[in-house]
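The first sequence begins at 1 in the UniProt record's numbering and counts up by one.
All C-beta atoms in this analysis are idealised placements derived from N, C-alpha and C, irrespective of residue type, glycine included.
Computed from a predicted model, the values in this text were never measured in an experiment.
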Amino acid sequence: MSTERYNAREAEPRWQKIWDERGIYRTRNDDPRPKYYVLEMFPYPSGRIHIGHGRNYVMGDVVARFKRMKGFNVLHPMGWDAFGLPAENAAIERRTHPGKWTYENIATMREQLKLLGLSLDWSREIATCDPSYYGEQQRIFLEFLKGGFAYRRESEVNWDPVDNTVLANEQVIDGRGWRSGALVERRKLAQWFFRISDASEELLAGLDTLERWPDKVRLMQRNWIGRSEGLHVRFVLDHTPAEGLPEALPAEIKVYTTRPDTLFGASFLALSPSHPLTEQLAATNPALATFVEECRRGGTSTAEIETQEKMGYDTGLKVRHPLDGPDLPVYVANFVLMEYGTGAIFGCPAHDQRDFDFATKYDLPITPVVLPPDVDPASFSVADGPYEGEGTLFNSRLLDGLTVPAAKEKVALALENQILGNAPVGERAVNYRLRDWGISRQRYWGCPIPIIHCDTCGPVPVPEDQLPVRLPDDVSFDQPGNPLDRHPSWKHVNCPQCGAGARRETDTMDTFVDSSWYFARFASEPGSDPLQKQAADQWLPVDQYIGGVEHAILHLLYSRFFIRTLNKLGRVSLKEPFAGLFTQGMIVHETYKDTEGRWLFPEEVERDGEGRPVKVGTGEPVTIGLPEKMSKSKKNVVPPEIVADTYGVDCARWFMLADTPPERDSEWTSAGIEGAWRFVQRIWRLVGDAVVLAPDEIDRPVDFGAESLALRRSAHKLAAQVAEDVERLRFNVAVARVHAFANVFNDALAAARKGDVTPDLAFALREAATFLVGVVAPMVPHLAEECWQVLGRAGLIAEAAWPAVDPDLLAEDSVTLPIQINGKRRGEIVVARDASPAEVEKAVLALDLIAQALDGRAPKRIIVVPQRIVNVVA
RNA sequence: GCGGGCGUGGCGAAACUGGUAGACGCAACGGACUUAAAAUCCGUUUCUCUCUGAGAGUGCCGGUUCGAACCCGGCCGCCCGCACCA
Numbered sequence: 001m002s003t004e005r006y007n008a009r010e011a012e013p014r015w016q017k018i019w020d021e022r023g024i025y026r027t028r029n030d031d032p033r034p035k036y037y038v039l040e041m042f043p044y045p046s047g048r049i050h051i052g053h054g055r056n057y058v059m060g061d062v063v064a065r066f067k068r069m070k071g072f073n074v075l076h077p078m079g080w081d082a083f084g085l086p087a088e089n090a091a092i093e094r095r096t097h098p099g100k101w102t103y104e105n106i107a108t109m110r111e112q113l114k115l116l117g118l119s120l121d122w123s124r125e126i127a128t129c130d131p132s133y134y135g136e137q138q139r140i141f142l143e144f145l146k147g148g149f150a151y152r153r154e155s156e157v158n159w160d161p162v163d164n165t166v167l168a169n170e171q172v173i174d175g176r177g178w179r180s181g182a183l184v185e186r187r188k189l190a191q192w193f194f195r196i197s198d199a200s201e202e203l204l205a206g207l208d209t210l211e212r213w214p215d216k217v218r219l220m221q222r223n224w225i226g227r228s229e230g231l232h233v234r235f236v237l238d239h240t241p242a243e244g245l246p247e248a249l250p251a252e253i254k255v256y257t258t259r260p261d262t263l264f265g266a267s268f269l270a271l272s273p274s275h276p277l278t279e280q281l282a283a284t285n286p287a288l289a290t291f292v293e294e295c296r297r298g299g300t301s302t303a304e305i306e307t308q309e310k311m312g313y314d315t316g317l318k319v320r321h322p323l324d325g326p327d328l329p330v331y332v333a334n335f336v337l338m339e340y341g342t343g344a345i346f347g348c349p350a351h352d353q354r355d356f357d358f359a360t361k362y363d364l365p366i367t368p369v370v371l372p373p374d375v376d377p378a379s380f381s382v383a384d385g386p387y388e389g390e391g392t393l394f395n396s397r398l399l400d401g402l403t404v405p406a407a408k409e410k411v412a413l414a415l416e417n418q419i420l421g422n423a424p425v426g427e428r429a430v431n432y433r434l435r436d437w438g439i440s441r442q443r444y445w446g447c448p449i450p451i452i453h454c455d456t457c458g459p460v461p462v463p464e465d466q467l468p469v470r471l472p473d474d475v476s477f478d479q480p481g482n483p484l485d486r487h488p489s490w491k492h493v494n495c496p497q498c499g500a501g502a503r504r505e506t507d508t509m510d511t512f513v514d515s516s517w518y519f520a521r522f523a524s525e526p527g528s529d530p531l532q533k534q535a536a537d538q539w540l541p542v543d544q545y546i547g548g549v550e551h552a553i554l555h556l557l558y559s560r561f562f563i564r565t566l567n568k569l570g571r572v573s574l575k576e577p578f579a580g581l582f583t584q585g586m587i588v589h590e591t592y593k594d595t596e597g598r599w600l601f602p603e604e605v606e607r608d609g610e611g612r613p614v615k616v617g618t619g620e621p622v623t624i625g626l627p628e629k630m631s632k633s634k635k636n637v638v639p640p641e642i643v644a645d646t647y648g649v650d651c652a653r654w655f656m657l658a659d660t661p662p663e664r665d666s667e668w669t670s671a672g673i674e675g676a677w678r679f680v681q682r683i684w685r686l687v688g689d690a691v692v693l694a695p696d697e698i699d700r701p702v703d704f705g706a707e708s709l710a711l712r713r714s715a716h717k718l719a720a721q722v723a724e725d726v727e728r729l730r731f732n733v734a735v736a737r738v739h740a741f742a743n744v745f746n747d748a749l750a751a752a753r754k755g756d757v758t759p760d761l762a763f764a765l766r767e768a769a770t771f772l773v774g775v776v777a778p779m780v781p782h783l784a785e786e787c788w789q790v791l792g793r794a795g796l797i798a799e800a801a802w803p804a805v806d807p808d809l810l811a812e813d814s815v816t817l818p819i820q821i822n823g824k825r826r827g828e829i830v831v832a833r834d835a836s837p838a839e840v841e842k843a844v845l846a847l848d849l850i851a852q853a854l855d856g857r858a859p860k861r862i863i864v865v866p867q868r869i870v871n872v873v874a
């Protein structure tokens, strides 16, 4: 028996060095084997990683290693989402350069990731802040522009008047700038947009092709795109000249509705405060202008929007009802969004909560037009609130008696056929919630938008031969605002078209642009063109993409749009970048606070004699809080280095895969990591014991005894089942199977120690050990290499094949069937695997326990489910 | 408010998608080995009872079925996404 413990601290760096020296994780594009691309969402280099960051990389690594063993040419790269605001904040706080800070973090985190023993092809590493990467992105931007997928328009931003800077939504807290505390204003700025809304329909339809995505994510994207079918309706303005109205008002107002059936319940029209007509009226109406101003000032936080009261301003205008109803007043209302539909609505208070609130406040008529099923029209009232359900139309002339869908159809037809001017009054329309993607950021640390603004030529693309537009290094962060804007020379250039003095665009791109194609960059070999069509077509789509649910919408939707657009521009052949998606759960950890409410690191807490948590050294009592996502601020983090030093990273990897289903949050506990450690040692011992009992590799004997055969069956079943579990990413189940097999193997070894080790048993023991090591190799790769060596196998297990399963060993000759009487389990019977139902039935009826239960009577019915169960109905 | 998901021992969870509920692990308890400890190994561990056996049991109530954790209806509780989208 082996007595040495497995020394992970010594073995792990040794194997990592060997892997590294032999370059076995370097992927070649000319490898003829079938491809498999596994990718974890690349990290933002924020400083240091903690063990909580490791889970998705470990999961991806298990898949990568498994697929390699299964004979695939695996691409498993890593890079850095390296642009972004935190680098600028760090620059301000630490008086350092964002690039320096970023690259230092990358260096640290790269070493930490390497510590985890991940089988990554580091030769393809990229950082999005590298000019070779963002230069290509600038080229893509210009192609988008040329192809009509990018454009510029005015759009509102959050403006901090003290810091003189634009704020991201998350930097606005309770309507104030997070740093300055100043009240945030909304300002209009000319900004660049990608026309993602034009792709709404294809992005929606494409979701149906993504069969290996979680339903939840597809649903979230579906809701985000927010397709709705409705009707555009033109309401003619009644031009009875009212006092003080400006000349040249438009003849009509167009609204969008999904409830045209409620047209006869309409009691007002409402315009958005940003509607062109509102602006026209406000120009000569100071009271309205003030009202619009008030609406604009409304808070930006969700809490404020939620509780905001409905407010309206009666313009004094009236419109005519298109179908012989009463004239309707036109309001401007704070709850009508300009960005959706036409920026104007008709209000039907009886059947819409918002309209109901509004009508109640301004004392407008509330006419019910939809009667719920089985309700008497005389007693039906909407005084307590609107009715938004299905029903039958009434109070609605031509629609009376129709169901809601039938009424929608009839109104649509009627309005389509009613021609006014040269166009129908009503037109069916599809609307999407999805808006265009604003990519301009008034920041330094991002990809510069390659545009030059000329007073005569307007915005002009930077010529191809002048790309990339590099960020200047000599910038200062001692004043608020965008350093590119105040740089002494950077932005002053000549117009590429007319040669006159011009200015560079000083906005940089949203970092979601950077992450929308990095997976395509990994496809081409290091040093080659960043976006090579052939390479992208070879490797994409990503076969298995792994990351957090927090990216379920934006990153994944933007990437889908980006790839589709690259496809239209002829840059890639595929339409969907990620064939398989998995969203993993977080690692959570208890939180600790001392008596003064200060957060404590886990290593600052221990148990006293009575098991109470106390502070190390002082013995001061400690309060334990609920497990939460690991975060620096709450100090509930575990650094990978500590785990590596005490238990080894294989233990950490095993722990992260075990027990909890991968999509759920998993709690990091010391008991858990100790359990993983015990099991790692157990595998080591089992393999060592097997080698002692069966020291030599021998040819497979022809015949096997019962014990040997049983062990072989278990081993082959293990390899088959774990393969399936890993394919389905059910790592916790795979781990449980390995545990169960270890128990079986342990018993077999104990029995073998007592008796003779016959050649067939020796073969079976060695085979079992080899299978065990092969099966755990993707999960605990260092331990597996060490065991591989103990087994005397040549080469590295990292390059070995998955254990070869003999299908004959998977099928048992006989099966044990449970026997139920009236649905309750009463016994069991062993029958041949291929026994016919009639044979089983006969054997069951012959049993004593059945005879007793039947007590002489004939059974009413016997259900035999082959290889499953027998149920006797007495 | 709208949309979606989930409720199984002291805990994390399995259950081949309608067929032996609780595999496997953690924790706990008992035992072996040891001068002792660590490590390891062997047991016990859903609940109840009249305990060599029997009954109940997958949030609660009901239904479908020979058979339900799984399907259907209605409650209760928790979690997530969206949020004035007309």
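{"Query": "Cross-strand partners of residue 646 (DSSP beta bridge)", "Result": "Its beta-bridge partners do not exist; DSSP assigns none."}
{"Query": "Helix, strand or coil at residue 215 according to DSSP, with G and I counted as helix", "Result": "helix"}
{"Query": "DSSP beta-bridge partners of residue 460", "Result": "452"}
{"Query": "Residue 358 beta carbon less than 8 Å from that of residue 371", "Result": "no"}
{"Query": "Unbroken alpha helix (DSSP H) run spanning residue 746, endpoints", "Result": "731-754"}
{"Query": "Span separating the alpha-carbon of residue 859 from that of residue 806", "Result": "42 Å"}
{"Query": "The stretch 704-718 in contact with the stretch 729-747 per 3-pair CB rule at 8 Å", "Result": "yes"}
{"Query": "Cβ neighbour criterion (16 or more within 10 Å) applied to residue 482", "Result": "buried"}
{"Query": "Beta bridge counterpart(s) of residue 253 as assigned by DSSP", "Result": "235"}
{"Query": "Supposed close pair residue 599, residue 629 - CB separation, criterion 8 Å", "Result": "Their Cβ separation, rounded to whole angstroms, is 14 Å, which puts residue 599 and residue 629 out of contact at 8 Å."}
{"Query": "CB-CB length for residue 748 against residue 765, believed under 8 Å", "Result": "7 Å"}
{"Query": "Bridge partners - residue 621, DSSP secondary structure assignment", "Result": "614"}
{"Query": "Beta-carbon spacing of residue 365, residue 267 below 8 Å", "Result": "yes"}
{"Query": "Boundaries (first-last residue) of the beta strand (DSSP E) holding residue 784", "Result": "Where residue 784 is concerned, there is no enclosing beta strand (DSSP E), although the alpha helix (DSSP H) it sits in stretches over 781-790."}
{"Query": "Cβ-based neighbour list, residue 345, same chain, cut-off 6 Å, excluding 5 preceding and 5 following", "Result": "255, 270 and 336"}
{"Query": "Chain-order list of residues whose beta-carbon lies under 7 Å from that of residue 24 (same chain, five-residue window excluded)", "Result": "796, 798 and 799"}
{"Query": "Helix, strand or coil at residue 716 according to DSSP, with G and I counted as helix", "Result": "helix"}
{"Query": "Same chain, Cβ closer than 6 Å to residue 27, neighbours up to 5 away in sequence not counted", "Result": "75 and 121"}
{"Query": "Local Cβ density within 10 Å of residue 153, reported as buried at 16 or more and exposed below that", "Result": "exposed"}
{"Query": "Cβ neighbours of residue 874 in the same chain (closer than 8 Å, five flanking residues each side left out)", "Result": "821, 822, 853, 854, 857, 859 and 860"}
{"Query": "Reduced DSSP secondary structure (H/G/I, E/B, other) of residue 544", "Result": "strand"}
{"Query": "Contacts around residue 516, its chain only, beta-carbon distance under 7 Å, and the 5 residues preceding and following it disregarded", "Result": "558, 559 and 562"}
{"Query": "Residue 301 in three-state terms, based on DSSP", "Result": "Low per-residue confidence applies at residue 301: pLDDT is 44, beneath 50, and the placement is therefore not dependable, though the value from the model is reported in the following sentence. Three-state result, residue 301: coil."}
{"Query": "Buried versus exposed, by CB contacts within 10 Å (16 or more), residue 276", "Result": "exposed"}
{"Query": "Pairwise C-alpha distance: residue 706 and residue 762", "Result": "13 Å"}
{"Query": "Residues sharing a beta bridge with residue 509, DSSP", "Result": "440"}
{"Query": "Inter-residue Cα distance where the pair is residue 536 and residue 134", "Result": "17 Å"}
{"Query": "Buried/exposed call for residue 303, threshold 16 Cβ in 10 Å", "Result": "Legend: pLDDT at residue 303 = 44, less than 50; position of this residue unreliable, value from coordinates given subsequently. Exposed, since its Cβ has fewer than 16 Cβ neighbours within 10 Å."}
{"Query": "At least 3 beta-carbon pairs within less than 8 Å: the stretch 187-206 vs the stretch 145-152", "Result": "yes"}
{"Query": "Spatial distance of residue 790 from residue 138 (CA atoms)", "Result": "54 Å"}
{"Query": "Nearest-angstrom Cα separation, counted from residue 463 out to residue 435", "Result": "30 Å"}
{"Query": "7 Å Cβ shell around residue 869 - same chain, five flanking residues per side excluded", "Result": "817, 818 and 820"}
{"Query": "Whole-angstrom C-beta distance between residue 493 and residue 452, which should lie under 8 Å", "Result": "6 Å"}
{"Query": "Beta bridge counterpart(s) of residue 35 as assigned by DSSP", "Result": "73"}
{"Query": "Rounded separation between residue 262 and residue 348 - CA only", "Result": "7 Å"}
{"Query": "When 4, 361 and 64 are compared against residue 779, the one with the closest alpha-carbon", "Result": "64"}
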